[in-house]
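One structure is given below, encoded as structure tokens.
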Amino acid sequence: MIPRRQVKNPHAEAEQFRRRAALGFLGVLVCLLGLGGWYFKLQVLDHDVYATRSEANRIKPRPVVPGRGMIYDRNGRLLAENVPAFRLDVTPDKVKDMDATLEGLAKIISISPEELEAFNKSRKARRKFLPVTLKLRMSDEEMARFAVDRWRFPGVELEPYLTRRYPYGDLFAHIIGYVGRVDDKDLEILGEGNAALTHIGKSGLERYYEQQLRGKVGYEQVETNVQGRAIRTIGRVAAQSGADLRLSIDADLQRAMVAAFGDQEGSAVAMDPRTGEVLAMVSLPSYDPNLFVNGISHADFKALNENPSRPQFNRLVLGGVAPGSTLKPLIGLAGLDSGVRRPEDKVLSTGMFYLPGTSRGWGDAHRGGHGWTDLRKSIAESVNTYYYKLALDLGIERFDHYMEYYGFGQPTGIDLTGEIGGILPSPAYKRKSRKEAWYPGDTVNISIGQGDWKVTPLQLARGVSALADGQLRT
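Mapped onto this note's numbering, the consecutive letters of the sequence shown carry residue numbers 2 to 475.
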């Protein structure tokens with residue numbers, strides 16, 4: 002049997018409903034007040050904080066790389082120039098999966114192992130929000146393929162830039178040098194303010210005058226869209242282009258000098274003795290500096306390094322050799338200036354020269370000798386005996402004094418990096434290098450440019466210019 006349902010009090014139920022409704026309304030009101038307070042905090046109290054963050058997300062600073070200074074010869078011929086090109090930059094903090102991105106890019110453009118290695122090194126050295134160059138000198142075909150698939154690669158951008166070009170190829174390589182990609186060691190030297198630079202001078206004048214040539218990086222504030230791409234420029238601090246260089250070198254004379262060598266190896270310098278200006282200087286064989294600008298391939302680098310003729314070796318400032326008979330006019334002038342010799346004084350050349358009291362002999366070019374020889378004849382016929390005797394009469398101290406005046410044993414100070422000072426033989430040098438005493442026979446040896454002599458072509462050219470002009474130019 003079903004029990005009869007008890008009838009409730011309608012007034013009590015109504016009161017209970019009103020209480021529950023009031024509690025619910027109060028809860029909703031508290032929530033609304035909380036939301037309102039939070040909204041007030043965001044919109045009013047913290048407005049400046051979040052407005053700044055929002056602006057930072059919408060407006061980005063972007064570096065403006067300056068144009069590198071040009072290099073000209075004395076007549077205004079362009080020896081190093083900038084040409085427009087495009088590169089592919091990757092901003093690490095905008096890339097979710099770097100490995101997948103690089104793998105995808107490799108399917109549409111050519112990325113060499115050298116480029117990938119350089120990219121990874123730069124990526125580790127730079128801050129994640131700064132773009133890192135993956136590939137330089139993009140071809141038209143590569144740019145077209147990337148443009149089609151650009152949407153697949155957030156954080157990857159095609160950027161215009163100016164790249165270096167050397168229109169004369171290997172003709173001025175040992176003078177101008179070359180620029181190369183900035184690596185992690187370069188970044189330490191450049192500092193954060195120049196982190197946007199992609200190239201830096203690596204050798205020659207490009208390296209020596211790096212600070213003047215590179216200019217000063219500028220910046221611009223750009224408004225970006227949700228994909229992070231720039232849509233307009235808000236403000237700008239202009240970049241300052243690098244200073245141009247005008248050299249004393251004459252391109253026509255340089256070309257003629259190289260042609261005179263033909264296939265031979267060697268070096269040569271042409272100077273104006275009136276001013277000390279270098280008009281031409283070559284070191285052969287040479288190399289094409291354009292190979293290094295955007296990263297030389299392993300194959301090309303290996304070919305240069307394994308070439309027995311060492312095309313990268315700059316004989317002009319690094320090639321210390323015994324000067325031989327080229328010193329004779331300078332030694333003859335020392336004899337005249339010191340009063341040890343007069344132009345008409347003669348020395349008998351019999352074919353052999355012996356130190357007094359010894360059986361040690363030094364020969365002449367002609368077995369039978371040159372006979373009685375004055376200064377003019379000694380130079381014209383390169384008579385060794387004349388200089389054996391002259392050096393002994395000068396004495397080693399006075400001999401070295403004159404050779405120092407001509408600039409031997411010290412760098413010329415030319416504006417190229419790595420120049421050696423060579424070796425000027427002396428008693429002090431022999432004691433230091435071999436811990437041996439100096440003997441008259443040593444003086445005889447060095448009088449014809451033999452022995453411990455080490456002279457660069459540039460030093461010799463400066464010494465001969467001093468002979469022609471009467472004073473040493475630095």
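Glycine included, every Cβ here is placed at the ideal spot set by N, Cα and C.
Only a predicted model underlies this, so the values are computations on that prediction, with no experimental measurement involved.
- Considering only GLU278, GLY243, ARG256 and PRO155, the residue with the shortest C-alpha distance to THR413 is GLU278.
- As DSSP reads the structure, ILE424 sits in a beta bridge with LYS455.
- Going by DSSP, ASP273 is part of the beta strand (DSSP E) stretching over 267 to 273.
- Taking C-beta atoms under 8 Å as the contact rule, VAL384 and HIS402 fail to qualify, at a distance of about 24 Å.
- The three-state reading of DSSP puts LYS125 in helix, counting H, G and I together.
- Ranked by how close their Cα comes to the Cα of ASP375, the residues ALA366, TRP363, GLY362 and LEU391 have LEU391 in first place.
- Residue nearest to LEU461 within the set ARG165, ASP187, LEU106 and SER268 is SER268 (criterion: CA-CA distance).
- Spatial neighbours of PHE130 in its own chain (CB-CB distance under 6 Å, excluding positions within 5 residues in sequence) are listed in chain order as ASP94.
- Look at VAL91 here: in three-state DSSP terms it is strand.
- Take the alpha-carbon of GLY362 and the one of ALA438: they are about 20 Å apart.
- Looking at PRO312, SER379 and ALA323, the one whose alpha-carbon comes closest to that of ALA174 is PRO312.
- Per DSSP, SER339 is one residue of the alpha helix (DSSP H) stretching across 329 to 339.
- Apart from the 5 residues on each side of it in sequence, LEU198 sits with its Cβ closer than 8 Å to the Cβ of VAL66, VAL183, LEU191, ARG215 and VAL218 in its chain, given in chain order.
- HIS200 is bridged by DSSP to ARG182.
- In this structure, VAL318 sits away from GLU221, with a CB-CB distance that is not shorter than 7 Å.
- The region 83 to 97 and the region 233 to 242 do not touch, with fewer than three beta-carbon pairs separated by less than 8 Å.
- Under DSSP, LYS136 takes part in a beta bridge, and its partners are LEU89.
- Annotation: the continuous alpha helix (DSSP H) that includes ARG256 extends over 252 to 262.
- Taking ALA469 as the centre and dropping the five residues before and after it, the same chain places the C-beta of PRO274 closer than 7 Å to its C-beta, in chain order.
- Apart from the 5 residues on each side of it in sequence, TYR355 sits with its Cβ closer than 6 Å to the Cβ of GLY362 in its chain, given in chain order.
- Taken atom to atom, the span from the alpha-carbon of ASP301 to that of ASN291 is near 12 Å.
- When DSSP states are grouped into helix, strand and coil, LEU191 belongs to the helix group.
- Segment contact: the region 143 to 152 against the region 196 to 210, fewer than three CB-CB distances shorter than 8 Å; contact not assigned.
- In this structure, the beta-carbon distance from LEU280 to ALA271 falls below 7 Å.
- With a cutoff of 7 Å on beta-carbon distance, VAL465 and VAL294 are scored as not near each other.
- Setting aside the 5 residues that flank it on each side, PRO428 is surrounded in the same chain by ILE397 and TRP439, each with a C-beta closer than 7 Å to its C-beta; the list follows chain order.
- Following the DSSP letters along the chain, one finds TYR210 in no beta strand (DSSP E), marked with neither H nor E.
- LYS125 counts as exposed, since fewer than 16 other beta carbons sit within 10 angstroms of its beta carbon.
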